[in-house]
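Letter by letter, the sequence shown follows residues 23 to 110 of our numbering. Backbone N, C-alpha and C define an ideal beta-carbon position, used for all residues, glycine too.
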Amino acid sequence: MHTRELKVSIKVSAPKSVIDSTDGPYFYNIGFEKEEFVAKNEVENGLEAWFEGFELITRTGEAAVDVSDEELVTAKLHYTVLVEGKSK
23 MHTRELKVSI KVSAPKSVID STDGPYFYNI GFEKEEFVAK NEVENGLEAW FEGFELITRT
83 GEAAVDVSDE ELVTAKLHYT VLVEGKSK
């Protein structure tokens with residue numbers, strides 16, 4: 023068996039009021055909290071994931087079908103994932 027690294031990104035949305043009331047950078051903290059989730063659920067045979075950073079995404083051009091009238095903020099979280107694979 024050998025390992026390789028993959029770049030993976032996921033989108034996360036949260037109400038602006040939650041982000042504003044959080045101590046520290048909200049998406050930065052969420053990025054680290056989701057490392058294990060990304061390694062286990064976003065790739066096949068993921069061993070470990072490292073949070074690399076995030077970028078805010080605007081919702082222009084998307085159909086804004088929010089359940090509430092509250093504004094949502096979306097970010098793309100970037101990871102490097104160590105994946106176990108078969109030797110060739």
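Notebook entry, point to check: Counting along the chain, where does the alpha helix (DSSP H) carrying V40 start and finish?
Noted result: V40 -> alpha helix (DSSP H) spans 38 to 43.
Check: In this structure, does DSSP put E55 in helix, strand or coil?
Finding: E55 falls in the helix class under three-state DSSP.
Next item on the list: Using a threshold of 7 Å, state whether the C-beta atoms of A97 and F54 are closer than that.
Entry: A97 is not a Cβ neighbour of F54, given a cutoff of 7 Å.
Checklist line | Test item: CB-CB of E106 and L78 under 7 Å | finding: No.
Check: If we count the other Cβ atoms within 10 Å of its Cβ and call it buried at 16 or more, is V103 buried or exposed?
Finding: The residue is buried, with at least 16 neighbouring Cβ atoms inside 10 Å.
Check: Leaving out the 5 sequence neighbours to the left and right, which residues in its chain are closer than 8 Å to K33 when beta-carbon positions are compared?
Finding: Non-local beta-carbon contacts of K33 in its own chain, meaning distances under 8 Å to residues more than five positions away in sequence, involve I79, T96, A97, K98, L99 in chain order.
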